[in-house]
Structure formats: structure tokens, C-alpha cells
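Protein chains: 2
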Amino acid sequence: MLKQPAEPLDLMFQALADPTRRRMVERLTLGSASVSELAEPFKMSLPAVVQHLQVLEQSGLVKTQKVGRVRTCTIDPGALSLAEKWINDRRIGWERRLDRLGAFLDALPDDGDPGT
Amino acid sequence: MLKQPAEPLDLMFQALADPTRRRMVERLTLGSASVSELAEPFKMSLPAVVQHLQVLEQSGLVKTQKVGRVRTCTIDPGALSLAEKWINDRRIGWERRLDRLGAFLDALPDDGDPGT
DNA sequence: CGGTTGCTTAAGCATAAGATTAAGTAATTT
DNA sequence: AAATTACTTAATCTTATGCTTAAGCAACCG
Chain A
726 MLKQPAEPLD LMFQALADPT RRRMVERLTL GSASVSELAE PFKMSLPAVV
776 QHLQVLEQSG LVKTQKVGRV RTCTIDPGAL SLAEKWINDR RIGWERRLDR
826 LGAFLDALPD DGDPGT
Chain B
726 MLKQPAEPLD LMFQALADPT RRRMVERLTL GSASVSELAE PFKMSLPAVV
776 QHLQVLEQSG LVKTQKVGRV RTCTIDPGAL SLAEKWINDR RIGWERRLDR
826 LGAFLDALPD DGDPGT
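Going down the list, the sequences are from chains A and B. Residues 726 to 841 in our numbering are what the first sequence lists, from first letter to last. Residues 726 to 841 in our numbering are what the second sequence lists, from first letter to last.
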């Protein structure tokens, strides 16, 4: 495999590809939470939750900061726009293509499709 | 790990998490392609490309059909809307939260101390 | 018919990912 | 100060992922 340094989009989509992590993001859209609050809905061990959290942090989706012994996690909603933009660009590219195809079909003589 | 059957969103984001697969999707937004046309820009082996293609198919992003010995691949742009919707829902949830916070702050007296 | 083309199948291998348990550390509480 | 809380770190395990090479097979071309 010999991976080269993963790009931001890789990290984003990879982070979102796991249901546990998506649930964590969903939780954080309701407001910030400590690590143990984040972990509470899951039956997995705390270290496992923290590993998921690290994936989210590396993707930029979540920021954390530690005060005393409590680490507080917040979502960075701007980060999501990166993934959103990629998806949107694909749709735009696709629609442009359909437009061209439509124009092409419009330019054909009438006998092309005897539908109605 | 013992994975349970992956949900559609898992498959979608997982499919998009790989740069090779994203490039394949980008290529397909320009129009359909055979497997070897799809493979052409990459220096990896053909089986490797086909494996990526299978991931894309399982995610629903790409449809293929074989005629003679040629398999033709097309993108299914509707599939992307699933991922798009999830992202958008998060943003909406986040914005609603910000609105509530704003309303709360607006309801405070000017000096910020809810004494009255 | 024989060869080439376009994929398919199968086996194998290295690394990454997701989880666990067991200890460890540092901030609070009592 | 002792106990509890809230993580951290480290080691380990299993399964998944991304890739390779080597054959195989069916369709098409000459």
C-alpha cells in the first residue's frame, strides 16, 4: 500500500465513514461535550472512543481542548464545507454534462424518438 | 472488529475516502467509460482498479453493465445526494443551535446580567 | 482457427483500522 | 492524604484494505 501523506479530503471522508464517528459528530452538533460524555452512548471502551475522537480531530471536524482533567470537544462546522464542496462540484460537473447532452438531443431532427 | 453490515452512508463515505476512487468519480462525471479507459490514468494494475470500481459500485455511486467483453461504467449522481443530505443536516442542526444561542443572548439585558 | 483484447478470478502479502485490556498520570473530592 | 475521576499510554489482537502477480475465459479480429 505504501501510503503517501493523506489529503484533507481523505481524512474527512474517512472520518465520516464510520457510524460511531458520525454519531459523535451528531452529538457535538447539539453542543460541546467532554470525552466521557461523548463516550456515554457507546458500549465500547474509553480508549476506543478516544481513538475515534483522534480521527475526527485529524480530519479537522472536531476541536478539543483540555482544562484541568477534562477534555472538551467541539465541532468545527466550517470543516464540513470541504466535503460538501467536493460533492457539489461533482454534481455541477454532472449537470453541465446533462445540459450538453440535452442541447445535443434538442438539435436532432424530430424522427429521433417516436415516443408520443 | 467484528463488523456488522455496513450502512449506505458508511459505504458512500468509505468509497469517497480514497483519492483514486474520487478521481474515478471525477472522470465519470465527464461521461461513461470502459474499465480500461477508467484504469488508464493510473499506474496500478487492472485488478486493483477493478477492486476500486467494486467499492464504488457497492456504494451505489457507480453503475456498470457489461456488453460483449466491455464493461461500461457510469456515475449515479443521485447517490451523492445521500452524503450531501447528511452533511447538510449537520449544518442545519448546528445553525439551529447557533440561533438558539443567539436568541438566548438577545433575551439578556444589555449589561449581560439577568438580574431583572 | 489462432491470436489479441478486455476483463475476471484467485491467491497472497503488507499495512491500516478498530477494538481490547492493563497500567499510568494528574486533577478533584472527601 | 486517600480515594475517585477523567482521561492517557502502551501493548496486543483481529479483521479490513489496497495492492500485487499469475492464470483463466469469453469476445472479437484477421
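Ideal Cβ positions, reconstructed from N, Cα and C, are used throughout, including at glycine. Everything numeric in this text was worked out from a predicted model, so none of it was measured.
- Residue pairing of threonine 789 of chain A in beta bridges, as defined by DSSP: A:Cys798.
- Counting along the chain, phenylalanine 738 of chain A sits inside the alpha helix (DSSP H) bounded by residues 733 to 741.
- Assignment of beta-bridge partners to alanine 758 of chain A by DSSP yields A:Cys798.
- Around the Cβ of methionine 769 of chain B, a 10 Å sphere holds fewer than 16 other Cβ atoms; the residue is exposed.
- DSSP places proline 744 of chain A within a helical segment (H, G or I) once states are collapsed to three.
- Nearest neighbour of isoleucine 800 of chain B by Cα position, chosen from B:Gln729, B:Val774, B:Glu751, B:Leu830, turns out to be B:Glu751.
- In this structure, DSSP gives methionine 769 of chain B a state outside helix and strand, which the three-state scheme calls coil.
- Look at the beta carbons and you see the stretch 737 to 749 of chain B touching the stretch 733 to 746 of chain A: at least three pairs across the two are nearer than 8 Å.
- A buried status is given to leucine 763 of chain B, since no fewer than 16 other beta-carbon atoms sit within 10 Å of its beta-carbon.
- Under the 10 Å beta carbon count, alanine 808 of chain B is surrounded by 16 or more other beta carbons and is classified as buried.
- Here the alpha carbon of arginine 748 of chain A sits roughly 22 Å from the alpha carbon of leucine 826 of chain B.
- For glutamine 776 of chain B, the three-state secondary structure derived from DSSP is helix.
- Taking 8 Å as the cut-off, the Cβ atoms of arginine 816 of chain A and proline 802 of chain B count as close.
- Between arginine 796 of chain B and valine 760 of chain B, the C-beta spacing is below 8 Å.
- The beta carbon of glycine 827 of chain A does not come within 8 Å of any beta carbon belonging to chain B, so the residue lies off that interface.
- Between the alpha carbons of alanine 731 of chain B and glutamine 779 of chain B lies a distance of about 15 Å.
- Interface with chain B (8 Å Cβ-Cβ cutoff): glutamine 776 of chain A is excluded.
- Taking the Cβ atoms as the reference, leucine 786 of chain B lies roughly 5 Å from alanine 804 of chain B, within the contact range of under 8 Å.
- Residue state for leucine 807 of chain B is assigned as helix, using DSSP reduced to three classes.
- Interface annotation for the stretch 741 to 768 of chain A against chain B: Leu741, Ala742, Asp743, Pro744, Arg747, Val750, Glu751, Thr754, Leu755, Gly756, criterion Cβ-Cβ distance under 8 Å.
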